[in-house]
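Below is one structure, written out as structure tokens; the observations come after it.
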Amino acid sequence: MSDTTHIQSSGRLSGRGRGILAAYGVWIAAAVVLLVLPHVFSSGLALSTMCLMGISVIFALSYNMLLGQTGMLSFGHAVFFGLGGFLTAHMVNAARGADAPLPLFVFPLVGAATGLVFGIVFGSVATRRAGTAFAMITLGIGELVASSSHILHGVFGGEEGVTINRTKLLHLFGWSFGPQIQVYYLIAAWCLVAAILMYALTRTPFGRICNAVRDNPERVRFTGYNTTMVRFMAYSLSGLFAGVAGGLAAVNFEIMNFSQMGAAQSGSVILMTYIGGVGNFAGPIIGAILVIYLQVMLSDVTGLWQLYFGLLFVLMVLYAPEGIAGLLAKQQPLWRTGQLRRVVPWYALAAVPGVAALVGLSLAIEMSYQLTVNASDGPEMSFGHVTFDADNPLAWAAAVVLFAGGLWLFRRIGRRALDAYGAALANALAGRAAS
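The sequence shown begins at 1036 in the numbering used here and counts up by one.
Okay, structure coming up:
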């Protein structure tokens, strides 16, 4: 009898353990990865890049609360990022001057409170309208605050900005936050906590109502919900998390200036969210990591890195509006039923001419840049560790052949890949229905 009871209790415990692992396994794995990463990539550049990625992940996820979850396109989201960062910087300086016993890791809460307060203030105006009107109002708010930063020098520091010294605060456990690895762990911890909170919010009834307002606001209004209040709450909460990202940016850079809440910053978060995948929780994470990595890597290679970002954004919106996360999500049915192996060879085959077309286009762009903007340096240039003259007809012929030929082959093979995907998906659905 006791053996039977022990077996049953063990089964219940193991089942409970599997449930906990299924519910929290992703976050546990994420925490382990964040702990291990600086020991794998330990260079100063790698640590600085990962800090930027962590800040951008929070910022992009906060924007996804608006656009992806509630369907609100905002052109002024950097306002909360910038204001959160500026108020955090001022509070750090005030705490340092008053010798307040406050450790550095609590100051992103100042950014959170700032983002929430201004989210409530601006949201009370902006969320009275939806769609295009809302987008234009947020654009106006963004420009209003950005222009005010040039006037209110006492708050925003003018062109010099507001600087801090993060090492002069209370040290706990011997951490001064002088070494970049300590700043990395601070950002990583806040990134994990913020991501968990934002994901938990999507699983609540409020998160579901946000999705309903995005998909069919008229029906939501008909069922008795106040869609304006739903948009207002989503706007305010997104401001809170954007303020956290701004506070972490102030801690990381030890300076805040007006450029960090301008139109370029708002455009950057839109870029991250769209490239990663709007509406998919993992999308902004993927987009933020990819955009920051490309920004850091490409800025050392070419002065036209922003042009390439623009081209990438246009291509994603035209041909993959669901983003990278959406493309990966489409492969899940094939992966679960073992049909993915039927389409992977086609994907790999289509990738070869696709890369060739991109190389040809990049070569033509870089040669044009060398002959126009960098004309004073002469025609000699380097592309892919190969040195040649930008006015060489053979180089232009190679660019044309690579681009035109690669694009033609990519389109032909791409159609075959799509047909293979359709057939594999049909088999996967048929197999699932049979089982």
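Note that beta-carbon positions come from the ideal geometry of N, C-alpha and C, so glycine has one too.
- [ ] Just confirm the distance between the C-beta atoms of asparagine 1128 and threonine 1308, as a whole number of angstroms; I'd bet it's less than 8 Å.
- [x] Not quite, the Cβ-Cβ distance comes to about 32 Å (not below 8 Å), so this is no contact.
Task: Entirely enclosed alpha helix (DSSP H) segments - the region 1056 to 1110, minimum 4 residues - done: 1079 to 1105
Task: Coarse secondary structure for valine 1436, derived from DSSP in three states - done: helix
- [ ] Under 8 Å by Cβ, that's how I've got phenylalanine 1116 and phenylalanine 1142 pegged, so tell me the actual separation to the nearest angstrom.
- [x] Not a contact, Cβ separation roughly 15 Å.
Open item on the list: By alpha-carbon positions, which one of Gly1312, Tyr1260, Ile1231 ends up nearest to cysteine 1245?
Closed with: Tyr1260
Task: Simplified DSSP state of leucine 1207, which is helix, strand or coil - done: strand
- [ ] State the start and end residues of the unbroken alpha helix (DSSP H) segment that holds methionine 1296.
- [x] Looking at the DSSP string, methionine 1296 is not in any alpha helix (DSSP H), and its letter there is neither H nor E.
Task: Three-state secondary structure assigned by DSSP to phenylalanine 1115 - done: helix
TODO: Check the DSSP bridge columns for serine 1417 and list the partner residues they point to.
DONE: Thr1422
- [ ] Would you grab the beta carbon distance between glycine 1278 and alanine 1161 for me? Rounded to a whole angstrom, and I think it's under 8 Å.
- [x] That belief does not hold up - the Cβ atoms of glycine 1278 and alanine 1161 are roughly 16 Å apart, past 8 Å.
Task: Candidates Ala1135, Gly1119, Ile1305, Leu1102: closest to alanine 1284 by CA position - done: Gly1119
- [ ] Enumerate in chain order the residues of its own chain whose CB-to-CB distance from serine 1044 is below 6 Å, with the five nearest sequence positions on each side excluded.
- [x] Here serine 1044 scores only 49 on pLDDT, less than 50, and its place in the model is too uncertain to base an answer on.
Task: Residues that DSSP places opposite threonine 1198 in a beta bridge - done: Ile1290
- [ ] Note down, in chain order, each residue of its chain lying with its Cβ closer than 6 Å to the Cβ of alanine 1280, except the 5 sequence neighbours on either side.
- [x] Ile1090, Ile1093, Phe1094, Phe1116
Open item on the list: Determine whether the beta carbon atoms of threonine 1372 and glycine 1466 lie at a separation below 8 Å.
Closed with: yes
Open item on the list: Looking only at its chain, what residues have a beta carbon closer than 7 Å to the beta carbon of arginine 1446, apart from the 5 residues adjacent to it on each side?
Closed with: none
Open item on the list: Which residue wins for smallest C-alpha separation from tyrosine 1220, given the options Gln1341, Ala1391, Leu1204, Thr1084?
Closed with: Thr1084
Open item on the list: Quick check on DSSP: helix, strand or coil for proline 1380?
Closed with: helix
- [ ] Give a yes or no on whether the C-beta atoms belonging to glycine 1413 and glycine 1441 are separated by under 8 Å.
- [x] no
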